[in-house]
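Sequential numbering of the sequence shown, starting at 1463, is according to my numbering. Down below is the structure, laid out as structure tokens.
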Amino acid sequence: MLRSASSVISFKIGWWIVPDAKTPAAVRVTSFSLTYHAGAPRTVLHDLNLDIAPGTCTALVGESGSGKTTLGRAIAGRHPRTTTTEGSIQVSGRSAYMLQDAASALNPLRQVRWQLKQALKIRGVPRRELETRSLELLANVGVPEPAIIMTRYPHELSGGLAQRVLLASVLATEPDVLVADEPTSALDVTTQAKVMRLFRRIIEEQGLTLVLITHDLVAATLLADRVAVILDGAIVEESETATIIQSPTHTYTRALVAAATSTEILTLGDGTHEPS
């Protein structure tokens, strides 16, 4: 595993094996189980199966302790050493993991410029190109006045701006698959929608495959093409987002949908992820 000095990003190149070309998938989870061995053995993921197509977003949705974060970390190759696994997870290309809270993920003692350059150095970008590439990364994620923001420290950024800087740092490693852990949970509703639209644009323009970890089904509808509902370490339902919202089959999924008010849940019949 390679990590930036700011501990923002980790990724593995060619982690496990590229999926079978006959049935292409950016991520393929096959009969995957995971057991913790810190103390008494405890199996937290049970015989999971999941395929994620390239250039799409799949949301892993569930309550705290459901296993969604453990699965996301396993996809990114970050499960603890005190675990054993059965089955397999195949990831095509390079994977990266985006931590939940940008304010704590970014190094508080370093300017934005340093954080981006560290990420670019991981990818072997020549020193003479670091400044230009850093500015381009910030512009790509919609940061206004990138040259000024480059000189700022994390505590000087708003929540939405810090999230964009963190995303720029992750994208600097040029991942094929990005696992984003609750990327909007600390943001207000308006900023959440803006960040979700940013993720959607990057997916469409760069062909990124996104695995979104969230407890919020409403947030998932803003971005995800498909939703996998996780309960007690098992995937109890997985389908297209519109199907999950309009025709949930599992009792737990129906409860999640019912918990979201009619004004929050999107009408997905027109195929858009944008809020009205």
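In this text, a Cβ means the ideal position worked out from N, Cα and C, and glycines have one as well. Keep in mind the model is a prediction, meaning the values are calculated, not measured.
Assignment of Y1714 by DSSP, reduced to helix, strand and coil, places it in the helix class.
Looking at the backbone, the Cα of L1672 and that of R1590 are separated by about 31 Å. Note on the segment 1551-1581: whole alpha helix (DSSP H) runs with a minimum of 4 residues are 1564-1567, in chain order. By the Cβ neighbour-count rule, R1716 is exposed, with fewer than 16 other Cβ atoms within 10 Å of its own.
Assigned with DSSP and collapsed to three states, E1666 falls in helix. By the C-beta density criterion, A1521 is buried, having at least 16 other C-beta atoms within 10 angstroms. Separation of the CB atoms of I1675 and V1641 is rounded to 7 Å, and the pair is thereby assigned contact status at 8 Å.
Using a Cβ distance threshold of 9 Å, L1679 and M1658 do not count as a contacting pair. Every alpha helix (DSSP H) stretch that sits fully inside the segment 1669-1697 and reaches 4 residues is listed by chain position as 1679-1685. The three-state secondary structure of L1496, taken from DSSP, is strand. In the DSSP assignment, the residues bridged to A1521 are L1674, V1689.
With contacts defined as CB atoms closer than 9 Å, H1677 and E1644 qualify as a contacting pair. The C-alpha of P1608 lies about 6 Å from the C-alpha of L1597. In the three-state scheme derived from DSSP, where H, G and I count as helix and E and B as strand, R1589 is classed as helix. Looking at H1499, T1492, A1488, H1508, the one whose alpha-carbon comes closest to that of I1692 is H1508. The segment 1569-1586 and the segment 1609-1626 touch, with no fewer than 3 CB-CB distances between them shorter than 8 Å. Under the 10 Å beta carbon count, E1667 is surrounded by fewer than 16 other beta carbons and is classified as exposed. For the pair A1564 and L1600, the CB atoms are not nearer than the 9 Å cut-off.
For T1705, the enclosing alpha helix (DSSP H) has its first and last residue at 1703-1708. Look at R1626 here: in three-state DSSP terms it is helix.
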